[in-house]
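A.B. asks: In my numbering, each residue carries its 1-based index in the sequence shown increased by 110.
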Amino acid sequence: MRYFDYNATTPLAPAARTAWLQAQEAHWFNPSSPYRQAAAVRVRYEAARESLAALLGLKDSAERVVFTSGATEANNMVLRHWARQLPSDARLGVNPTEHPSVMEAATAAFGERVCLLALLPDGRVDLEALDAQLQTGGLAALSVMAANNETGVIQPWQAIAQLCQRAQVPYHCDASQWLGKMPLSGLADCSYVSGCAHKFGGPKGVGFLLLPQAAQDCKLLYGGAQEGGQRAGTEDVAGVLAMLAALEASTPCATPVLRDAFIEKVCSGIPNTRVVGVGADRLWNTVSLIMPQFQSVRWIRLLEKEGFLVSAGSACATGKSTGSPVLRALGIGAAAAGRALRISSGAETTAEDWDALAEAICRSYVRMRSEASASSSQVITID
C-alpha cells in the first residue's frame with residue numbers, strides 16, 4: 111500500500127523510534143522527583159528543550175519553549191491566553207483557512223470579535239489589506255498559519271511577522287505543516303509558534319509552543335508547576351526526545367518537481383481537473399485537486415483498492431456535513447468541494463510512487479465513467 115496522506119500523520123521515523131525506546135527503557139523516571147535518577151532525566155529533558163530552541167533559531171532563550179500534547183493544545187493555549195490578557199473589546203485577526211484547532215478555539219474565546227482576514231484568490235493573506243488593518247489599530251492580535259494542511263498554500267508568514275513587529279501586535283503562527291518540510295529559519299521572529307511531532311516523523315501526543323520572552327499566564331491546564339508554570343502535567347520525556355530526534359533527522363525540501371509532474375499527468379489525462387492554490391507558493395509535497403466528476407469518497411475507496419491511500423482534506427474536519435471550511439473560504443462551492451482530493455507525500459515518496467498514483471487516478475476515472483455510462487444506459491421495462 112502506497113501512502114499519500116502525510117499531512118494527516120507520518121510514520122514514526124527510525125531515529126524517533128530509537129530515541130523513544132531508549133528513553134522508555136533508561137530514562138523513565140519522573141523528572142520532577144527528588145532523587146539522582148530523576149535528576150539525570152531532568153538534565154536530558156532540559157537539554158532537549160535547548161536543542162529544540164537552537165533548531166528554531168533561539169539563542170539563550172530555551173525557556174520560550176513549552177512542551178505540549180500537540181498543536182491543538184498549543185493553539186488553544188495561545189488563544190485562551192489572549193482572551194484573558196487583551197482588552198474585552200479587542201479584535202482577533204484570523205486567516206480564514208486556519209486549522210479547526212485555531213478557528214474553533216478563536217470563536218470560542220473571542221466570539222464576534224474574530225475578524226477574518228482578506229484573502230487573495232490563490233488563498234494567501236492579502237498583505238496590503240492586513241497592513242492597513244494593523245496600522246489603524248483594528249487588530250489586537252493575529253493568527254496565521256505557515257502553510258495550509260489541505261491546499262499546501264504557503265502564507266507570507268515572514269512578512270506578516272515583520273508587519274506585526276512594526277505594529278507591536280502579537281503574532282501566532284501554527285507551523286504544524288511547515289516543520290520537517292521547510293527550513294526553520296525565521297520562525298523565532300514570530301511571537302508564538304505551535305508545532306506537532308507526528309507531522310514530521312515524531313510520535314503522536316507531543317508538540318510544543320514557542321512563547322514570547324516575557325509571556326505570563328499562558329496555561330490551559332491547571333495542576334503542577336511543570337514547564338515553568340505554563341503547562342501542568344507529568345512531562346512526556348520519551349515523547350519529547352523522540353520529537354527532537356525526528357526533527358533533527360528531517361530533510362526539508364523545497365523542490366516540487368515530482369509534485370508538478372504528477373499534476374501535469376493527471377490534468378492531461380483528466381480534462382477539467384482543477385488544482386487549488388495555483389499562483390501561490392505551495393508545499394512541495396501537497397496537491398489539492400477538484401475532480402471534474404464523482405464524489406471524494408468514491409475516489410478514495412477506489413484508489414485504496416488500487417493500493418493508494420489518499421484523503422479529501424483535513425482529518426480533523428472529517429465528518430463535517432458542511433464540507434471543507436478551507437475550500438469554502440476559497441470560494442469553492444459545496445458541490446465542487448465534494449469532489450476534492452488531497453494528496454500529500456513524504457521524503458521517502460519516489461518518482462515511481464507519484465507516477466503510479468497518477469496512472470491509478472486516470473485509470474479510476476475511466477472506470478467510474480464507464481460504470482456511470484453503463485448504469486445510465488440500462489432501461490428497465492415493467493410488464
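Virtual Cβ for every residue (Gly too), placed ideally from N, Cα, C.
Could you pull out every unbroken beta strand (DSSP E) segment of at least 3 residues lying fully inside the stretch 224–295, listed in chain order?
C.D. replies: Runs of the beta strand (DSSP E) inside the stretch 224–295: 224–226, 251–253, 281–284.
A.B. asks: Checking 8 Å against the spacing of the C-beta atoms, do S161 and N185 come in under that value?
C.D. replies: If you number the sequence shown from 1, residue 161 lands on position 51. If you number the sequence shown from 1, residue 185 lands on position 75. No, the Cβ-Cβ distance between S161 and N185 is not below 8 Å.
A.B. asks: Looking at the unbroken beta strand (DSSP E) that takes in C306, where does it start and where does it end?
C.D. replies: Translated into the one-based positions of the sequence shown, residue 306 becomes position 196. 302–306 is the extent of the beta strand (DSSP E) around C306.
A.B. asks: Taking the CB atoms as reference points, tell me whether A325 and V303 lie closer together than 8 Å.
C.D. replies: Taking the first residue of the sequence shown as 1, we reach residue 325 at position 215. Taking the first residue of the sequence shown as 1, we reach residue 303 at position 193. For A325 and V303, no; Cβs fall outside 8 Å.
A.B. asks: Which residue comes first and which comes last in the beta strand (DSSP E) that contains I400?
C.D. replies: The residue you call residue 400 lines up with position 290 of the sequence shown. Residues 396–400.
A.B. asks: Between the alpha carbons of V188 and H282, how many angstroms are there, rounded?
C.D. replies: As a position in the sequence shown, residue 188 is number 78, starting the count at 1. As a position in the sequence shown, residue 282 is number 172, starting the count at 1. Roughly 8 Å between the two C-alpha positions.
A.B. asks: Let me make sure I understand the geometry here. Which of N395, A348, A352, G343 has the alpha-carbon closest to that of P362?
C.D. replies: Counting from one through the sequence shown, the residue named residue 362 turns up at place 252. Checked all of N395, A348, A352, G343; the closest Cα to P362 is N395.
A.B. asks: Classify A450 as helix, strand or coil using the three-state DSSP reduction.
C.D. replies: Within the sequence shown, numbered from 1, the residue matching residue 450 stands at position 340. If DSSP states are grouped into helix, strand and coil, A450 belongs with the strands.
A.B. asks: By the DSSP assignment, the beta strand (DSSP E) with L440 in it spans what residues?
C.D. replies: For the purposes of this step, residue 440 is taken as residue 330 along the sequence shown, with counting starting at 1. That residue, L440, is in no beta strand (DSSP E); it is neither H nor E in DSSP.
A.B. asks: If you drop the 5 nearest sequence neighbours on each side, which residues of the same chain put their C-beta closer than 8 Å to that of P266?
C.D. replies: Within the sequence shown, residue 266 is the residue found at index 156, counting from 1. Once the five neighbours on either side are set aside, the close Cβ partners of P266 are R234, V235, L237.
A.B. asks: Would a C-beta distance cut-off of 8 Å place V176 and A163 closer than the cut-off?
C.D. replies: What you label residue 176 is simply residue 66 of the sequence shown in a count that begins at 1. What you label residue 163 is simply residue 53 of the sequence shown in a count that begins at 1. Contact flag unset, no.
A.B. asks: Rounded to whole angstroms, what is the Cα-Cα separation between F404 and E208?
C.D. replies: Here residue 404 refers to the residue found at position 294 when the sequence shown is read from its first residue. Here residue 208 refers to the residue found at position 98 when the sequence shown is read from its first residue. Each residue's alpha carbon lies about 27 Å from the other.
A.B. asks: Does the stretch 302–321 come close enough to the stretch 364–377 to have 3 or more Cβ pairs within less than 8 Å?
C.D. replies: No: fewer than three Cβ pairs fall under 8 Å.
A.B. asks: Here's the rule I'm using: 16 or more other beta-carbon atoms within 10 Å means buried, otherwise exposed. How should R477 be labelled?
C.D. replies: One-based indexing of the sequence shown puts residue 477 at position 367. It counts as exposed.
A.B. asks: Pair every Cβ in the stretch 253–269 with every Cβ in the stretch 376–396, then say whether three or more of these pairs are closer than 8 Å.
C.D. replies: Yes, the stretch 253–269 touches the stretch 376–396.
A.B. asks: Could you tell me how far apart the beta carbons of G290 and F318 are, in whole angstroms, since I believe they sit closer than 8 Å?
C.D. replies: Stepping through the sequence shown from its first residue, residue 290 is reached at position 180. Stepping through the sequence shown from its first residue, residue 318 is reached at position 208. At roughly 13 Å, the Cβ-Cβ gap does not stay under 8 Å, so G290 and F318 are not in contact.
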